[in-house]
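Residue numbers (the numbering used here), protein chains in the order written: chain A, 888 to 1954; chain B, 90 to 224. Glycine included, C-beta positions come from ideal geometry on N, C-alpha and C.
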Amino acid sequence: MKQIILFSVLVFVSFFTMEAQTGNVFKAFSKKTSGITKTNINFNKITAKSNFKSASNSPNTFSVSHNLKKPHINQNKIPRFFEKDKSILKSSIVHTIEEQFYSFHNSSKQITKLSDPRMQLKITKSHTDKLGITHIKAQQYYKGIKVYGAESFVHIGSRNDIFNGYIYEIVDTINITPYISKNEALNIVNVDLATKTVQKDLSEKQKEILKYNAPDITLIIYEESLVYEIIIRPNFLQEWKYFIDAHNGSIIKEFNNTHSDGASTSTAYDLNNVLRTINTYLENGTYFLKNTSENMYDTISQEGIILTLNANNTSTVNLDYTTISSVDNTWSNQTAVSAHYNATATYEYFENTFGRNSINGQGGNIISFINVANEDGSSMENAFWNGQAAFYGNGGSAFYSLAGALDVIAHELGHGVVSNTANLEYYGESGAINETFADIFGAMVDRDDWLIGEDVTKTSFSPSGALRNMSDPHNTGTSITDYYWQPKHISEMYIGLQDNGGVHINSGIGNYAYYLYATAISKDKAEQVFYRALTNYLTRKSQFIDLRIAVIQSAEDLYGDSSNEVIEAGYAFDSVGIFEEESIDYAQDYPVNLGQDHLLTYDTDFFNSNTLYRSSVIGEDFYALSTTEMKGSVSVSDDGTVAVFVAMDDKIKVISTDPDDIQESYFSDNAFFDNVAISKDGNRLAAISTEIDTAIYVYDFISEQWSKFRLYNPTTSHGGTDAGGVLFADAIEFDHTGEYLIYDAFNVLNSSLGDNIMYWDIGFIKVWDNSTNDFGDGTINKLYGSLPENISIGNPTFSKNSPHIIAFDYFDSDINEYGIFGANILTGEVDLITTNAIIGYPSFSKNDDKIAFSALNMSDEEVVAVTSLSANKIAGVGIPSIIVNYAKWPVFYTVGDRYLDLVPIADFTADVQSGEAPLNIQFTDLSINNPNSWSWSFEGGTPTTSTQQNPSVTYSSEGMYQVSLTCANSAGDDTITKSSYISVVNIPTGIDNYSEELFSFYPNPTSGVVYFDSDIEFELKIYSSTGLLLIECANVKNVDISNFSNGLYFIHLQIDNKIFMNKILKL
Amino acid sequence: MKIFRIMILAVVTISCATQKQAENSTTSFIKIKFGSSGGFTGMTHEYLIKNDGKVYKNTSDNLSLINQIENSEIENIEKQIGELNFMNLKLNEKGNMTYFIEVQSSTYNNRITWSDRTQNDSIKQFYKTLVKTLK
C-alpha cells in the first residue's frame, strides 16, 4: 500500500507552478526558482552558441477613325509585271546599277511606252541582297513633275531582270504651268476644311511633336492633270490630303489622311535579305519598331513591348540612342529589321515552348540596341546582355552584323532568362553552364542545326563558319589555341583565369551533353528537361555535377524515375565526364540487441504499495522491482541491467532490473533533481534539477565530474514578439553514441501585446565528445525552428536501433488533442503513430516494431497501451491495445550486450578547391560515427599522405588532383575518393614595364621566327596559354616557333632580377 | 640688412621645403590598361595609356597608336586614380560583358573588373574619362 501522503510542515519556499497553456495542460509541473536548493554539486559550466536556415512607354495616343476611299482601279495599259532573260553571252564590261537600270528600260520602251527613260524615271533607292539580286526603285516624272503613284522596281538578277510597279502612259499635251498659285490653292483647301472639321493653329510644341511646320504643297501630275497635292494639319489630331486642279482650282479629291495610332505590321528585308513581317507601332503619325501585339502586352501599364533602338555607333559607356522610326511604315534598316524580328521570334519561342511570359517571366519589355560600337567608336564584333537589354555590334573582320543571326539574338535573350531564373554566376563552372543554356536557347530557336553563329561568322575567323558547334565542340580546331575550339569532355576542361575562368571555353562540355541528350530523346523533350532544371533546380553557384543532378531530377519529374529520358540523361553526362557523385547513406542501424526483452511500467493503483513492475512485452508475468514513489519514468542502460529514476525526495536512485537480484540505492544525497537519464553505455547520467535554472546537468562516472550545460534557443525571434526563451527541461534521453541528449523544454515568449506564449519543444544538446573523451561543447539544435502557437511537443525518445528515428508526444491546445508522432530526422519525414487522450511517454520495442505508451481506458483510468509500427518506424499500423491496466510510463528494454559502434562513413571537404599555385588547402574531416583514425592520400600535394583528422596540404604544380580518405573505428572502416577534386593553375606572372629601348622583339604576330633586340642580358621562357613551359634560353638573337600550333603564347623575361611578361601570337 | 637676410633665408627655406615636398610626391602611373571582354564571342578589347600620353589599341597583342593626350588629361587621370585610392581598390564583379581597368605604377599593380550591373558610379566615371582618351 502506498504511503499515505503526509502533509508536510509548510516551509517558506517559493514555488513556481504554471500551466503550460491556458486551459488544457501538456505537462503539469512544479518548479522552484533558481538558487533555492543547497547542494554539494561542483560542476563545470558549459555554455555554447550554435546553429542544432522599356524602354520608355508610349504615351497615350488619340484614336481617330480611319476614313478610307476606294483606290482607283488601275486601268493602265502598261503591265505591272514583266521579266526579260539576260544574254547568255558573258560581257567583259562591268555596268553600274544606274547603267543597268536604264539599259533595261531602254530595251523595254515598247512595253513601258516611255520615250526617254532617263528623263522620265528617277532612281530613288537600290540595294543588292544576299542572292546577288539588285533591287532598284524608281519614280516616274512628266516633264520634271512627279507623277502621282507611279513607283516601280527593276530587279536585276543573274539570269533575268524583272519589272514590277506602276508606270503610266501620259499624253504629251498637259500644260505644266499652274494658273493658280500655291497660296490660292491653300485658301481653297482651308475654306473647304472649315466645313469639315475644326481648324486650330498648332503651337510650336505641337509642331515639334508632329514634326510639322506648314502645309506641304507639291505640284504633281494626277490622272493627266496638273494638280497641287496638299497635305495639311488643320488641328493637332488630323491630317488631310487635297488634290487641287492647278489650272481651275477645283477640288479633285480630298480625304482625311489621319492614321489610327496603335499596333501595325509591315514587311521588310532583314540582313539575310529575307522578307519578314514585323510588328510596328504607329504613334502621332510616325511608325516605330515597337511590338505591342504579343500576349504579354499590358494596355494599362504599357509594359510588355518588344522595342528595337539605335545606338548610333556609340558604346554603352556613352550610349546615345534613338528610336527607329518611319513615316510610312517602310523599313530599309535591315539590321533593325533583323534585330526586331528575331527578338519577337525568341519571345514567341519561350512563350509557346515553356509558357514563359517574356524574358523576365513577368511580361517585361524586351529591348534591343543595334549599331553598338566599341569604346573607341570602331565596329563592335560582339553582342551581349547587360542585365536589362541586348546589344548588337555590326561585326568587322571576324563577324558580320550580329543582329543578323537568330541564334545570336536568342543566345543573348537566353542570358536574360538565366539571369531571371537560376542566375548562374558568370565565372568558372557556373558561368560555363550559363553560357551553355544561352547556346541551348540559341540552337533551339534557330533549330535546324547545332551550329552557333553560323549566319554571322566569317570563315577567315572560324573555318567551319560557326563560332561554336554543339554537336562537335572541337569545331575543326585542334586545341585551345584555336579560338573557336571548345572541350567536349571534362578531361579537356580549361583551368585558368582567362575568360572569367573559361566560361566560353568550358561551355562546350555542357553543350555536348545537351546535344547527345537531345539526339537520344528529341529536341522537344530535351529542352523541356533542361528548362525545368534551370528554373527549378539550378542555383547561382551550381557546378557541372549540379547540372547533372538537376537534369536527371527534372527528367524524373517529367517522365518517371526509370524512364528512358532519365537513363539517357545519365549517359549524356557520363559521356562528357560528369559522373554521378558518390552518394553517402547516413541511415545506418545498430544491430538488434539479441537478449531477452521486457517491459517496465509504473503502477498507478493507489492501494498498491509496489510502484515499478517488470513484465513481458505483452503485459504478462509481472515482477515488482520497487516500492519507491517516483517523479518520472525510469531510464535503462542499453544492456538492460541498470535503471535510474528520481524519487519523490528529489534524489536520484539506481536500481537493478533483475527481479532475482533487486538492488536499489541512492546515487547521492543531493535532493535537487526532477528527472534523470542514463547513457546507453552506463558511463554517464544526465539530470534536470528542481529549479528553473535553464540547465541540464551531466555526471561522468569515470572522471566523477559534473558539468552544467546552459539551455538556450538557437533561434531568438518569434514573429512580432520580444526575444524569449527556454526556462527548463524535463524529459531527457541519451542517443546511442552517448554524445547527445534529446530533451524537451518549457519556453515562454513575451508578446509585444503583453500576452505570454508558452509551449514545449524538443532539442538536441551535445554533452559529450567521444573523440576527446570529455564533456561536449553544449551546442544545441532544435527539432523545429518554430512551432505554431497552439502546438507543444515533448517526451522525445530514440528508437532502439535507428539513431535517426524518434517518437514524441504532440498536443494541440486549439482542439485539445494529443498524439504520438514518429520522425526521421535524416529525411525530415514525420508521421502519426497514434492519437491519444493524454501525454503518452512513448517507448520503442526491441525491434522498433511497436510503441508502448501511457493512455486512458474508457473509464479514464491510466493504462499502458501498445501499437504496431510500419517498416519506416514512424507511422502507426492497426489499432492500439491495452497491455497493462492501472499503469503508466512504459519502458521497453532488453537484457543483453551489443556493440553500439557504427562503422564510420567517410566524408570530407576543403576550404578551397581551385586556385593558383602554390595553393594551400585546409581539409576538414566530415566523417560520421566517430572514427578514431584517418588515412589521407593527396595526389600531387605536399604532403602526399596524412594521418591527421584535418590536415593542411600545399599544391605547387598545375593540374587536377584526386583526394582520398579512409577512416576507421573498432566497428570497421570506410573510404571515400573524390576525383578531380582540386584544380591548380600555374599562371606566369610578371610586370611588363621594361623600356622598349632596352629590349624588344618582333614580329608580333609571327608565323615562324621571333627576333630579339636587346642591349642587356636576359633569360627567356615561352609558355603555352595553359602554362606549359615550351622554351627556355638566354641572350638569344632569335627563336623559331614555326612548329608551334597557331595561337597565343606568353613570353617571360628575366632582366636584372626583375620579371617581365608579354604575349605573342603565332599565326 | 638683417631684414634682407631674413627674407633670403625665408625664400631659401620655402624653396627647400617646396623641393622637399616634390621629392616626396606620389609617383604617377606608368601604364593603364582598360577595356571590356565577354559577350557572345568572349573577345577582349583592350586599350593602353602610357604615362607619356600615348594611347594604344591592343589587337592580338599588336599595339596601334591611336591618340596622344595632353598633359592636362594625364593629370586629370592621375587625380582620379588618387581620389579613388585605386591601389587599394578591390572590385571583382563578373558579367556577360566585363569591364576592367589595370593601373601599374612603380609601387603597385592593381586590376579591377565590373559589369553593367555595378553600382559603383565613381568607377564608371573613371572609365568614361579613360574612354575619352580614345578619340
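Cβ neighbour criterion (16 or more within 10 Å) applied to residue i
i	result
A:Lys1924	exposed
A:Tyr1381	buried
B:Asp205	buried
A:Leu1954	exposed
A:Gly1859	exposed
B:Phe175	buried
B:Asn177	exposed
A:Lys919	buried
A:Arg1243	buried
A:Val1214	exposed
A:Cys1854	buried
A:Arg967	exposed
A:Ala853	There is simply no residue 853 of chain A to check, as chain A begins at 888 and stops at 1954 in what is shown.
Distance between residue j and residue i (C-alpha atoms, nearest Å)
i	j	result
A:Phe1615	A:Ala1582	7 Å
A:Glu1091	A:Thr1167	28 Å
A:Tyr1028	A:Leu1001	10 Å
A:Lys1775	A:Ser1730	11 Å
A:Thr1488	A:Ile1436	50 Å
A:Thr1152	A:Lys1024	22 Å
A:Asp1263	A:Asp1927	35 Å
A:Gln1086	A:Lys1128	15 Å
A:Asp1079	A:Leu1018	51 Å
A:Pro1818	A:Asn1393	39 Å
A:Ile1119	A:Leu1421	56 Å
A:Asp1735	A:His1376	49 Å
A:Glu970	A:Glu1111	27 Å
Proximity below 7 Å, CB of residue i to CB of residue j
i	j	result
A:Asp1537	A:Thr1577	yes
A:Ala1442	A:Ala1400	no
A:Ile1918	A:Tyr1936	no
A:Tyr1418	A:Phe1241	yes
A:Asn1837	A:Pro1791	no
B:Leu219	B:Phe123	yes
Nearest neighbour of residue i, chosen from the options [CA to CA]
i	options	result
A:Thr1203	A:Trp1272, A:Thr999 and A:Gly1191	A:Trp1272
A:Leu1434	A:Phe1324, A:Thr1217 and A:Ser1839	A:Phe1324
A:Tyr1301	A:Ala1230, A:Leu1636, A:Trp1647 and A:Ser1284	For the record, residue 1301 of chain A in the displayed sequence is Gly; it is not Tyr. The candidate whose alpha carbon is nearest that of A:Gly1301 is A:Ala1230.
A:Ala1752	A:Asn1557, A:Thr1722, A:Ile1863 and A:Ser1857	A:Thr1722
A:Ser1522	A:Ala1511, A:Met1535, A:Ile1539 and A:Phe1509	A:Ile1539
A:Leu1158	A:Ala1226, A:Gln1941 and A:Ala1270	A:Ala1226
A:Ser1689	A:Asp1648, A:Ile1761, A:Ser1450 and A:Leu1636	A:Ile1761
A:Glu1095	A:Asn1171, A:Asp1059 and A:Leu1113	A:Asn1171
B:Gln187	B:Thr218, B:Arg200 and B:Ser194	Per the sequence shown, residue 187 of chain B should be read as Thr rather than Gln. Nearest of B:Thr218, B:Arg200 and B:Ser194 to B:Thr187, Cα basis: B:Arg200.
A:Asn1759	A:Asp1798, A:Asp1812 and A:Ala1710	A:Ala1710
A:Val1531	A:Gly1828, A:Leu1670 and A:Asn1570	A:Asn1570
A:Phe1466	A:Ser1929, A:Ser1378, A:Ile1107 and A:Asp1326	A:Ser1378
A:Arg1005	A:Ser1013, A:Phe991 and A:Ser1658	A:Phe991
A:Ile1131	A:Phe1142, A:Phe1123 and A:Pro1121	A:Phe1142
Any C-beta of chain A within less than 7 Å: which residues of the stretch 173–207 of chain B qualify? Lys183, Gly184, Asn185, Met186, Thr187, Gln193, Asn198, Asp205 and Arg206
Would you list, in chain order, the members of the stretch 1568–1585 of chain A that have their beta-carbon closer than 8 Å to a beta-carbon of chain B? none
Could you please tell me which residues of the stretch 1382–1394 of chain A, in chain order, have their CB closer than 9 Å to any CB of chain B? The residues in question are Gln1385, Asp1386, Asn1387, Gly1388, Val1390, His1391 and Ile1392.
Can you pull out the residues from the stretch 117–134 of chain B whose beta carbon lies closer than 8 Å to at least one beta carbon of chain A? The stretch 117–134 of chain B vs chain A, Cβ under 8 Å: Ile119, Lys120, Gly124, Ser125, Ser126, Gly127, Gly128, Phe129, Thr130, Gly131, Met132 and His134.
Please list, in chain order, the residues of the stretch 1040–1071 of chain A that have any C-beta partner in chain B closer than 7 Å. For the stretch 1040–1071 of chain A, which is checked against every Cβ of chain B, not one residue is closer than 7 Å.
Under 9 Å, CB to CB, which of the residues in the stretch 206–224 of chain B have a partner in chain A? Arg206, Lys213, Tyr216, Lys217, Leu219, Val220, Lys221, Leu223 and Lys224
Quick one, which residues of the stretch 1189–1217 of chain A are near chain B if we go by CB-CB under 9 Å, in chain order? Ser1202, Thr1203, Val1204 and Asn1205
Proximal residues, the stretch 1255–1270 of chain A versus chain B, C-beta separation under 9 Å: Contacts with chain B (Cβ-Cβ distance below 9 Å) from the stretch 1255–1270 of chain A involve Asn1261, Glu1262, Asp1263, Gly1264, Ser1265, Met1267, Glu1268, Asn1269 and Ala1270, listed in chain order.
Residues in the stretch 1290–1305 of chain A having any Cβ partner in chain B nearer than 8 Å: Val1295, His1298, Glu1299 and His1302
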